[in-house]
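The structure appears below as structure tokens.
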Amino acid sequence: MSTEKKVSNSRIGTQLLAGVLANLSIVVAGTGFGWTSPSLPKIVNDENEFPVTPDQSSWIATALIIGIVFGPIVSLIIVDRVGRKSTLLATAFPSLICWILIYFAQSYKWLMIGRFINGIAVGMTYTTIPLYVGEIAQVSVRGALGTISNICYNVGTLICFSIGPFVTRQTLALICMTFPILFFISFFWMPETPYFYLMRKRGKSAEKSLFWLRDNKDVKDELQEMTDLVEIEQRNKGRLIDLAIVKGNRKATIIVLGIFSAQQFSGISAIQAYGSIIFNQSDLQLNSDIVVIIMGMVTLVSSSFTTLVVDRFGRKPLMIVSTFGCSLCLLFIAIYFHLKYCAVDISVISWLPVVTMILFFIFYSFGNGPLPYAVLGEIYPTNVKAWATMLISIYSAIIGSIVTKIYQIVADGWGEHAIFYTFAVVEIIFLFFIIFVMFETKGKSFREIQEHLGASVIKHIP
Numbered sequence: 230m231s232t233e234k235k236v237s238n239s240r241i242g243t244q245l246l247a248g249v250l251a252n253l254s255i256v257v258a259g260t261g262f263g264w265t266s267p268s269l270p271k272i273v274n275d276e277n278e279f280p281v282t283p284d285q286s287s288w289i290a291t292a293l294i295i296g297i298v299f300g301p302i303v304s305l306i307i308v309d310r311v312g313r314k315s316t317l318l319a320t321a322f323p324s325l326i327c328w329i330l331i332y333f334a335q336s337y338k339w340l341m342i343g344r345f346i347n348g349i350a351v352g353m354t355y356t357t358i359p360l361y362v363g364e365i366a367q368v369s370v371r372g373a374l375g376t377i378s379n380i381c382y383n384v385g386t387l388i389c390f391s392i393g394p395f396v397t398r399q400t401l402a403l404i405c406m407t408f409p410i411l412f413f414i415s416f417f418w419m420p421e422t423p424y425f426y427l428m429r430k431r432g433k434s435a436e437k438s439l440f441w442l443r444d445n446k447d448v449k450d451e452l453q454e455m456t457d458l459v460e461i462e463q464r465n466k467g468r469l470i471d472l473a474i475v476k477g478n479r480k481a482t483i484i485v486l487g488i489f490s491a492q493q494f495s496g497i498s499a500i501q502a503y504g505s506i507i508f509n510q511s512d513l514q515l516n517s518d519i520v521v522i523i524m525g526m527v528t529l530v531s532s533s534f535t536t537l538v539v540d541r542f543g544r545k546p547l548m549i550v551s552t553f554g555c556s557l558c559l560l561f562i563a564i565y566f567h568l569k570y571c572a573v574d575i576s577v578i579s580w581l582p583v584v585t586m587i588l589f590f591i592f593y594s595f596g597n598g599p600l601p602y603a604v605l606g607e608i609y610p611t612n613v614k615a616w617a618t619m620l621i622s623i624y625s626a627i628i629g630s631i632v633t634k635i636y637q638i639v640a641d642g643w644g645e646h647a648i649f650y651t652f653a654v655v656e657i658i659f660l661f662f663i664i665f666v667m668f669e670t671k672g673k674s675f676r677e678i679q680e681h682l683g684a685s686v687i688k689h690i691p
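Those letters in the sequence shown? Residues 230 to 691, by our numbering.
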């Protein structure tokens, strides 16, 4: 019997505790992303104490995502040296610096610098969280723990959506400043992953960590399997090029690049950054800030649903439904703005952008949002996992920054409908990719996943 199945009856409370507290770092990241929607409309009008042009505001929105490109590089340098836990703890400091700079900013340049620094922390977080969660969780809860990140992200964005419209920039910065402090204090007491300890030849520490995480004295067999896995992978020391030349890694990278492309080309980064502005372009007589708050609340609830069902229905079916639903919503939004662009009377469907955007976030939050990170954390062997998370995080950040920056350019030049049509078509393309290329990882151990990918290095594990 698999050791994963042997421990399936052990209590999972400690794993959930460690996973949730680690993911408070994602709440911190969510506040960074959520800040733009209520703040950008303010800083480009008379409410701001220094002038900011629409183009400068687009750079403020993009600066965080540009910073994310560099965060994974920092993470790669330190994550296998100081550990997953210490790397996550380190992200609290640049996040804190960001909010201090935003609080004291006297020009848009300081806002950009603060958000760029925050982006570095976010990039480190998203590179390290899949490692930490994937290495502490047993198979029965790995999917659920992998999707907690999306819940925590939505909590962070909802905080800014709910508070930002009603307070000053300085007050919002002070509120956001508390979250990196809270994360550091609470996560400090959690254990390092047993995989990292085994990589550093610290068997006793690995056993102690696993004993705490499983809340079960019978961890000997599972620890031995982990030891065998790490020893084999360490003998085949991972390199960046191995993601391309090793068959199993290459197949994994193609899959992960595809599902992250589906995530980013949905336009999520731009839609969240310009949420209030997008709703201001519709003809529905509702306060755009209230609509964004409702959207954030619906997203949080639907992302919680994903955590409950991901290990029942699997990753692939949820990704298929999510991507298809997102593409339909984007298409309907594009049609609405196209009709408005052509001066057609659309008063009878003035509700369409709000309803379809809320549906978009529902579909996004139970597939495209959380599941790419869950798959990233479980599909790679330990010896290349740090390289893979760095590469994928950089790729995702680059695509996200491009999408966020070109949104305003395309919307100003050709109308909002043009960019939403583009998002819809690209999502349909990646829907076929998910159907025909992605495979199901639900219920599979690390060894079984690697065997499915054809990674012969893993096949010698007892």
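No residue lacks a Cβ here, since even glycine has one placed at the ideal position from N, Cα and C.
Sort the options by Cα distance to residue i and report the nearest one.
i: M353; options: G644, S622 and E669; result: S622
i: G543; options: Y361, V370 and G348; result: V370
i: I468; options: L620, I678, I241 and L293; result: The amino acid occupying residue 468 in the given sequence is Arg; Ile does not appear at that position. Measuring from the Cα of R468, the nearest candidate turns out to be L620.
i: F508; options: K437, L411 and W580; result: W580
i: I349; options: L317, K569, L360 and A366; result: L317
i: G300; options: T320, I272, T291 and S286; result: T320
i: H567; options: I331, Y424 and W643; result: W643
i: I631; options: I295, G343, E680 and L401; result: I295
i: V308; options: Q637, I678 and T611; result: T611
i: W264; options: L245, T356 and R398; result: R398
i: M419; options: C405, K437, I404 and L403; result: K437
i: N597; options: E645, K466, V539 and I241; result: V539
i: F662; options: M526, S498, F649 and G487; result: G487
i: L557; options: M526, H681, Y593 and S533; result: Y593
i: F343; options: F322, E645 and Y382; result: Reading the sequence as shown, one finds Gly at residue 343 and not Phe. The candidate whose alpha carbon is nearest that of G343 is F322.
i: K569; options: A491, S498, V584 and H646; result: H646
i: L529; options: I648, Q492 and Y382; result: Y382
i: I638; options: T291, G242, A247 and F534; result: T291
i: F425; options: E669, G363 and I474; result: G363
i: F262; options: S533, I500 and F553; result: I500
Any idea if residue i is buried or exposed, counting beta-carbon neighbours within 10 angstroms, 16 or more meaning buried?
i: F675; result: buried
i: Q335; result: exposed
i: S576; result: exposed
i: I664; result: exposed
i: E656; result: buried
i: E607; result: buried
i: E477; result: One point to set straight first is that residue 477 is Gly, not Glu, in the sequence displayed. Buried: at least 16 other Cβ atoms inside 10 Å.
i: F589; result: buried
i: H689; result: For H689, the predicted structure reports a pLDDT of 41, less than 50, and the residue's modelled location is therefore unreliable. A value from the coordinates is still provided. Classification of H689: exposed, given that the 10 Å Cβ count is below 16.
i: L442; result: buried
i: C555; result: buried
i: W328; result: buried
i: A572; result: exposed
i: G683; result: exposed
i: G629; result: buried
i: R541; result: exposed
i: V273; result: buried
i: I380; result: buried
i: T407; result: exposed
i: S287; result: buried
i: L401; result: buried
i: V396; result: exposed
i: E460; result: exposed
i: K545; result: buried
My understanding is that residue i touches residue j, with C-beta atoms under 8 Å, so please give their C-beta distance in whole angstroms.
i: S531; j: I591; result: 4 Å
i: I289; j: L340; result: 5 Å
i: N347; j: L293; result: 6 Å
i: I377; j: V249; result: 6 Å
i: L600; j: M548; result: 6 Å
i: V351; j: I297; result: 5 Å
i: R479; j: L472; result: 7 Å
i: G375; j: A626; result: With a Cβ gap of about 20 Å, G375 and A626 do not count as contacting.
i: G416; j: A615; result: Here residue 416 turns out to be Phe, not Gly, going by the sequence shown. Not confirmed; about 20 Å, so no contact.
i: Y361; j: T422; result: 6 Å
i: F489; j: Y624; result: 7 Å
i: G385; j: T260; result: 4 Å
i: P394; j: P267; result: 5 Å
With 8 Å as the threshold, decide whether the Cβ of residue i is near any Cβ in chain B.
i: G385; result: Any reference to chain B falls outside this structure, which holds one protein chain only.
Let me check you understand the geometry: is the CB of residue i closer than 7 Å to at least one non-hydrogen atom of the ligand HEM?
i: I474; result: Among the components modelled here there is no ligand, and therefore nothing to report on the ligand HEM.
Can you find at least 3 beta carbon pairs, one from the stretch 442-454 and one from the stretch 483-495, that sit closer than 8 Å? Contact check between the stretch 442-454 and the stretch 483-495: fewer than three CB pairs, one atom from each, fall below 8 Å, which does not count as touching.
Answer yes if the stretch 270-285 comes into contact with the stretch 427-435, meaning at least three C-beta pairs across the two stretches below 8 Å, and no otherwise. With a cut-off of 8 Å, the stretch 270-285 and the stretch 427-435 do not count as touching, because too few Cβ pairs lie within range.
If you pair each beta-carbon of the stretch 310-328 with each one of the stretch 517-527, do three or more pairs fall below 8 Å? They do not touch, by the three-pair rule.
Contact the stretch 558-565 vs the stretch 648-662: 3+ CB pairs below 8 Å: Touching, per the Cβ criterion.
Does the stretch 407-416 come close enough to the stretch 254-273 to have 3 or more Cβ pairs within less than 8 Å? Yes: at least three Cβ pairs fall under 8 Å.
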